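Following the numbering used here, the numbering of the sequence shown begins with 64 at its first residue and continues without gaps. Ideal placement from N, C-alpha and C gives every residue a C-beta, glycine not left out. Fair warning: this is a prediction, and the values are worked out from it, not measured in the lab. Here's the structure we're looking at; comments come further down.
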Amino acid sequence: MTFYTCFDNKGSVIARCQTEEEIAVLRRMGRPIAEVKAMKSEEAVVCSLTGSPSDYNEEF
């Protein structure tokens with residue numbers, strides 16, 4: 064499974080998403096997503112062990 068990290072135009076992490084659909088929802092909500100990167104396998108393991116990446120997205 065691929066997880067994604069969303070960044071604003073300053074390079075700060077603003078969300079972690081599990082699907083591209085979640086990224087699209089955040090964009091429609093007005094989140095300033097400037098860049099999306101697929102997480103490395105070792106980073107994604109942390110997300111899967113600690114819960115859903117959508118747990119980081121309080122607006123959902």
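Counting every other CB atom within 10 Å of its CB across the protein chains shown gives A87 a total below 16, marking it as exposed. Looking at the DSSP output, R79 bridges to T68. Just so you know, the alpha carbons of Q81 and T65 end up roughly 7 Å apart. DSSP, read as helix, strand or coil, puts A101 in strand.
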